[in-house]
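Have a look at the structure below, then the notes.
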């Protein structure tokens, strides 16, 4: 699927030819400023910017779950910066690579996803990225099944011959597994090859990603060179910590805030982050400068962290749901929790297994299964009466699937208030 092919004729002002070159360095500084961690070849990228060429900026996500989250938004915001300077965003939905699963940082092979699961997960991706990217002007959206779906085996072998097994197996995540005696599935070694070939197909000038993606991004640059293409430059962004304040925000870890989640859930989840994560969230979700973040850190030494966290939660939610909705949901949160001075309340924990976080259990089954109701009929009755809430959102249908993450706060009636933690 190609979006925005016609944008050049409708919006000629986005062409870079004839641009005042005196401003290029300022624009480059703007792209680097605030939340870029590294640029592999700074001088090469500066040269491309000075050339006035309309660059093709690549970013890809695998639809391993239905949600794009605040961690993804860090990289999407960088892509939007390039768009605003007139460059083309090339967003790749990895519907084919999702069948393998990115092994980066994983201690075991990802569970296999069916084609149906992948299709279901990616249904709302375009709408979600539209909360950040300009989806009308200067954007292409592709599935990588466009080129992998009908690829012949001899063609793939030719591509794979550009990589060495030793090089791929030298990854720290693979070496850690082998050292522990855990297996590395053979198909996992294909992932880097396939993601690299995406860069060749779409002729990427720049590829964006988190720092944990560096090996995959470098593989794309190397394959382009071997196949006679100009090498892409690489920019990596910092990784946003998840709601637990320890691991990176991740779909597989369940410690994330999805862009498509309701405003109330977004407010509630951000309010659950540890206090020491507040400065990082201001920097990477609101893209505040280092100077502004320093002021936040100074305020945390003098003021109630809860009040600063409320500012953060409202501001982030306003970005995705509008100021009026964010303000209303913040007031709802305050009315539910602040009257009890929640920052001083030690909310009891409810341990749930990883399978529950990943499977999205039905409301009544969860309430009964974890002993919050004496029977399934009572669980259904409580939900039908509007007595069950998850992160401030009332669950109205006993069969509604719950979107639980680490840190979610559940309420049942007036007496039960619990925070979700993962069972070890």
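Residue numbers (my numbering): 2 to 425. Virtual Cβ for every residue (Gly too), placed ideally from N, Cα, C.
Q) Are the Cβ atoms of residue 37 and residue 236 separated by less than 8 Å? A) Result yes, Cβ atoms of residue 37 and residue 236 sit closer than 8 Å.
Q | Continuous alpha helix (DSSP H) assignments of at least 4 residues falling wholly in the region 268-299 | A | Runs found: 279-286.
Q | Touching by the beta-carbon criterion (3+ pairs, under 8 Å), the region 70-83 and the region 251-261 | A | At 8 Å Cβ cutoff, the stretches touch.
Q: Please go through the region 190-261 and give each complete alpha helix (DSSP H) segment of 4 or more residues, from N-terminal end onward.
A: Segments of the alpha helix (DSSP H) lying fully in the region 190-261: 191-202, 215-227.
Q) Okay, do the region 241-255 and the region 221-231 touch, 3+ Cβ pairs below 8 Å being the bar? A) No, because fewer than three Cβ pairs between the region 241-255 and the region 221-231 fall closer than 8 Å, the two stretches do not touch.
Q. In the DSSP assignment, what residue or residues form a beta bridge with residue 61?
A. DSSP output for residue 61 lists 93 as bridge partner(s).
**Q.** Three-state secondary structure (DSSP) of residue 401
**A.** Three-state DSSP puts residue 401 in coil, outside helix and strand.
Q: Go to residue 389, then tell me how far its alpha helix (DSSP H) extends in each direction, as first and last residue.
A: Note, residue 389: premise wrong, no alpha helix (DSSP H); beta strand (DSSP E) at 389-391.
Q | Contacting residues, own chain, Cβ-Cβ under 7 Å from residue 162 (five flanking each side not counted) | A | Correct list: empty, nothing qualifies.
Q: Give the secondary structure of residue 172 by DSSP, where H, G and I count as helix, E and B as strand, and everything else as coil.
A: It is coil, neither helix nor strand.
Q: With a threshold of 16 other CB atoms inside 10 Å of the CB of residue 405, please say whether the residue is buried or exposed.
A: Residue 405 should be labelled buried.
Q: Can you tell me which of the three DSSP states residue 142 falls into?
A: Looking at residue 142 - three-state DSSP - the assignment turns out to be strand.
Q. From residue 64 to residue 95, what does the alpha carbon distance come to, in whole angstroms?
A. For the pair residue 64 and residue 95, the Cα-to-Cα distance works out to about 7 Å.
Q | Within 8 Å, strictly: CB atoms of residue 193 and residue 61 | A | One thing to note: residue 193 has its Cβ no nearer than 8 Å to the Cβ of residue 61.
Q) When you compare only the Cα positions, how much space is there between residue 285 and residue 165? A) Distance from the CA atom of residue 285 to the CA atom of residue 165, rounded to whole angstroms, is 36 Å.
Q: Could you work out which residue in 394, 82, 153, 83 is closest to residue 269 when comparing CA atoms only?
A: Among 394, 82, 153, 83, the Cα nearest to that of residue 269 belongs to 394.
Q. Taking the DSSP output, what are the residues bridged to residue 412?
A. Partner(s): 390, 418.
Q: Look up residue 136 in the DSSP assignment and say whether it is helix, strand or coil.
A: Correct three-state label for residue 136: coil.
**Q.** Pairwise C-alpha distance: residue 305 and residue 366
**A.** Roughly 38 Å between the two C-alpha positions.
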